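**Student:** Residue numbers (my numbering): 1 to 423.
#1: Report the three-state DSSP secondary structure of residue 174 (helix, strand or coil).
#2: Assess contact between the segment 172 to 185 and the segment 137 to 157, defined as three or more Cβ pairs (one per stretch) separated by less than 8 Å. Is contact present?
#3: In the DSSP assignment, what residue or residues form a beta bridge with residue 310?
#4: Could you tell me which residues DSSP puts in a beta bridge with residue 394?
#5: Exposed or buried, residue 221, counting other C-beta atoms within 10 Å across all chains shown (16 or more means buried)?
#6: Do residue 329 and residue 182 have their beta-carbon atoms positioned less than 8 Å apart in this structure?
#7: In or out: residue 412 buried (at least 16 other Cβ within 10 Å) or exposed?
#8: Just reading off the alpha helix (DSSP H) that residue 238 is part of, what are its end residues?
#9: Can you tell me which of the three DSSP states residue 135 falls into?
#10: Expressed to the nearest angstrom, what Euclidean distance is found between the alpha-carbon atoms of residue 60 and residue 207?
#11: How many angstroms separate the CA atom of residue 365 from the CA atom of residue 333?
#12: Pick helix, strand or coil for residue 72, following the three-state DSSP scheme.
#13: Here's a check: name, in chain order, each residue in its chain whose Cβ is nearer than 6 Å to the Cβ of residue 259, leaving out the five neighbours to either side.
#14: In three-state terms, what does DSSP make of residue 80?
#15: Indicate whether residue 337 and residue 306 have their beta-carbon atoms separated by less than 8 Å.
#16: Using three-state DSSP, classify residue 169 as helix, strand or coil.
#17: Using the DSSP secondary-structure output, state which residues sit across from residue 215 in a beta bridge.
#18: Using the DSSP secondary-structure output, state which residues sit across from residue 97 in a beta bridge.
#19: Within 10 angstroms of the Cβ of residue 105, are there 16 or more other Cβ atoms? Answer buried if so, exposed if not.
#20: Rounded to the nearest angstrom, what separates residue 10 and residue 331 at their Cα positions?
#21: Taking the continuous alpha helix (DSSP H) assigned at residue 54, which residues delimit it?
#22: For residue 299, which residues from the same chain have a beta carbon less than 6 Å from its beta carbon, with the 5 sequence-adjacent residues on both sides left out?
#23: Pop quiz: residue 327 and residue 318 are said to be a contact at Cβ under 8 Å. What is the actual Cβ separation, rounded to whole angstroms?
#24: Closer than 7 Å by C-beta to residue 27: which residues in its own chain qualify, once you throw out the five before and the five after it? Chain order, please.
#25: Would a C-beta distance cut-off of 8 Å place residue 44 and residue 129 closer than the cut-off?
#26: Output needed for residue 254: all residues of its chain with C-beta closer than 7 Å, excluding positions within five of it in sequence on either side, in chain order.
#27: What whole-angstrom Cβ distance do residue 186 and residue 237 have, given they're in contact under 8 Å?
#28: Could you check the C-alpha separation between residue 377 and residue 363 for me, to the nearest Å?
#29: When you compare each of 150, 142, 95 to residue 122 by their alpha carbons, which one comes out closest?
#30: Whose C-alpha, out of 367, 322, 335, 420, is nearest the C-alpha of residue 453?
#31: With DSSP run on the structure shown, which of helix, strand or coil describes residue 402?
#32: Enumerate in chain order the residues of its own chain whose CB-to-CB distance from residue 280 is below 6 Å, with the five nearest sequence positions on each side excluded.
#33: Measure the C-alpha to C-alpha separation of residue 408 and residue 380 and round it to an integer number of angstroms.
#34: Residue 148: which of 320, 287, 348 sits nearest, CA to CA?
#35: Using beta-carbon positions only, say whether residue 216 and residue 199 come within less than 8 Å of one another.
#36: Taking residue 403 and residue 384 to be in contact with their CB atoms under 8 Å, please state how far apart those CB atoms are, rounded to whole angstroms.
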């Protein structure tokens, strides 16, 4: 309950900040428009293919005709690139026309993945499909079924892109997630099943600033199956919310992204029987290009949840955290990890690259035992190498293989496969 008392005032303060903060970027953009701006009466978009013109015009800071500074033109280009629908974009101003030359990707992608684990039960597999440009709107619609965390899962979702300068975006999801629990302090095991969904609102992403905000309401019914041993958990209905602040100065690219993005999210909620469930998470992603085809990445996450109920915890393992750690095993109250990767790409064919990778993963976390009590701090460390085959003509689809040597808290090898980057 002490965590609840601390989280609620912070949550309310951040909500209050979010209500007044958007006015500052608008004022900055207005001031910048009056200086060194150029009149733009038309945007000429070449190479849109299936994407609707209005979906890309919606990324402009204001309706046409308008004045745009060089910085706003660069920001407009960044937002188009971050949609992930184009692997090449070139902008130029000719008179009062802004000319944008694009090279479109294939946007219908399969979701097919397999990752081996410490045992066959800890392997994961996913099968699904996602359309990244649904009806030409730059929105994502997808569905998938998977076996992960020793359980069968499914999800369907629809996400509007978050880069509109003037309109709120929404995200919807319905899911069923199952997770198998096992511990070192008891032979008791069970599967936790959650059937529910969420609705999320994303604030307009105003020019002149990198801050945006997300609000979410969520609910799921939690039930249990495959129980062995003592300590049978009780079913319950969860009602919760999310507030997230995102600072987005990240330029996405298949091979050499740049910039950084950080986010802070708070998740207050609880079971209707009166059990509080709170979580806070701080994430950072940064990329520094070291040449035309080389980049150094840093991906970090620091998360905390109130202890006392192991069914409300933060999982860390090979799938997310430290490659080589057992999955579905460490259920933590506090989990901090960092991934560092160096990637260098070599061109094989037109729009197909091979990308060797060197990486190291490190984590410090406090796992819970079967009763929800916090145990001692654990340090995890792994290092390894990998290989990616990157077809830049496809959206969010590649081949990944990583070979990791776990050095702490024990020593072992893991070979992992996937169809997306590790982060």
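Ideal Cβ placement from N, Cα and C applies to all residues, glycine included. As the structure is a prediction and not an experimental result, all values here were calculated from the model.
**Tutor:** So, from the listed chains and residues:
#1: Judged by DSSP in its simplified three-state form, residue 174 adopts strand.
#2: yes
#3: Paired residues: none, contrary to the question.
#4: DSSP lists 106 as partners of residue 394.
#5: exposed
#6: yes
#7: exposed
#8: Where residue 238 is concerned, there is no enclosing alpha helix (DSSP H), although the beta strand (DSSP E) it sits in stretches over 236 to 251.
#9: Residue state, collapsed to three classes: helix.
#10: 9 Å
#11: Note on geometry: alpha-carbon atoms of residue 365 and residue 333 lie some 8 Å from one another.
#12: helix
#13: If you ignore the 5 residues before and after residue 259, its C-beta comes within less than 6 Å of the C-beta of 249, 250, 251, all in its own chain and listed in chain order.
#14: helix
#15: no
#16: strand
#17: 201, 243
#18: BP columns for residue 97 point to 42, 94.
#19: buried
#20: Per-residue confidence for residue 10 stands at a pLDDT of 46, beneath the threshold of 50, marking its modelled position as unreliable; the derived number appears in the next sentence. Distance between the alpha carbons of residue 10 and residue 331: 25 Å.
#21: 53 to 57
#22: 285, 339, 423
#23: 5 Å
#24: Low confidence applies here, because residue 27 scores a pLDDT of 47, under 50, leaving its location unreliable; read the following figure in that light. Closer than 7 Å at the Cβ level, and outside the excluded window around residue 27, lies no residue.
#25: Taking 8 Å as the Cβ cut-off, residue 44 and residue 129 do not qualify as a contacting pair.
#26: 87, 390, 392
#27: Incorrect: roughly 27 Å between the Cβ atoms, too far for contact.
#28: 10 Å
#29: 150
#30: With the chain covering 1 to 423 only, the question about residue 453 has no answer from this structure.
#31: Residue 402 carries a strand assignment under DSSP once its states are collapsed to helix, strand and coil.
#32: 266, 304
#33: 5 Å
#34: 320
#35: yes
#36: With a beta-carbon spacing of about 5 Å, residue 403 and residue 384 fall inside the 8 Å limit used to define contacts.
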